[in-house]
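Notes follow once the structure below has been shown.
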Amino acid sequence: MIKRIVLVLVMLLTVGANQVLAETYDMNHEKVAEIAGHLSMEGHSEHDLATCSTKYNYYNEIADMLNEGYDKDEILGEYKAMFGEEGFRSPDRRGFSLTAWVLPFVVLGAGSYAFYVRLRNNVNAQKKNGENEPADVKIDQDAEKRAEDDILRSIIEEEKRKHF
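With mature numbering (1 follows the signal peptide of the UniProt record, and there is no 0) applied, the sequence shown covers -22 to -1, 1 to 142.
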């Protein structure tokens, strides 16, 4: 009798331990959301889960993979094998993909430096020529005098027409 009781207790503990160890994942689990946060989901990553069927399918696939025993790295590896790096929100931070992280800053720095050099050269050229204004802004004094005279004549003609 004691053997039966011990045997039943051992079986209950074994079954209960398996239930505790086997965690089931559904699409609302935070681990599913964490893994899905790395994926672009074909452009649907910013959509609402309740209304976007593509995002819903991705979440279900991730939950199924977790229930089958896959871990985070294996799941991300599967998606990388299917979609390549385009399937992720951000590029990998090693290898050739490092260029995608560094290149924008290099281009911005080079462009800023080129702008600075061009501006410095223009200022130095103006100082060398002794000009305070750029050449295209400087107006010939004779042309300016003629323009003032033409304006004055047109004003006088208008006033004459009003009074005569």
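We treat Cβ as the ideally placed atom computed from N, Cα and C, and that holds for glycine.
Residue i burial status per 10 Å Cβ neighbour count (16 or more: buried)
i: I40; result: buried
i: R124; result: exposed
i: Y94; result: exposed
i: Y57; result: buried
i: I(-21); result: exposed
i: I(-18); result: exposed
Bounding residues of the alpha helix (DSSP H) (the contiguous stretch that carries residue i)
i: M60; result: K50 to F61
i: Y3; result: Element bounds for Y3: n/a, residue is neither H nor E.
Option nearest residue i by Cα separation, candidates the options
i: A14; options: T2, V(-17), C30 and K50; result: K50
i: N35; options: H22, A121 and E126; result: H22
i: N45; options: N100, E24, H7 and D70; result: H7
Same chain, Cβ closer than 7 Å to residue i, five either side skipped, listed in chain order
i: Y37; result: M5, V10, A14 and L27
i: F66; result: H16, L17 and S18
Supposed close pair residue i, residue j - CB separation, criterion 8 Å
i: M19; j: T32; result: 6 Å
i: D70; j: E63; result: 6 Å
i: M43; j: I53; result: 5 Å
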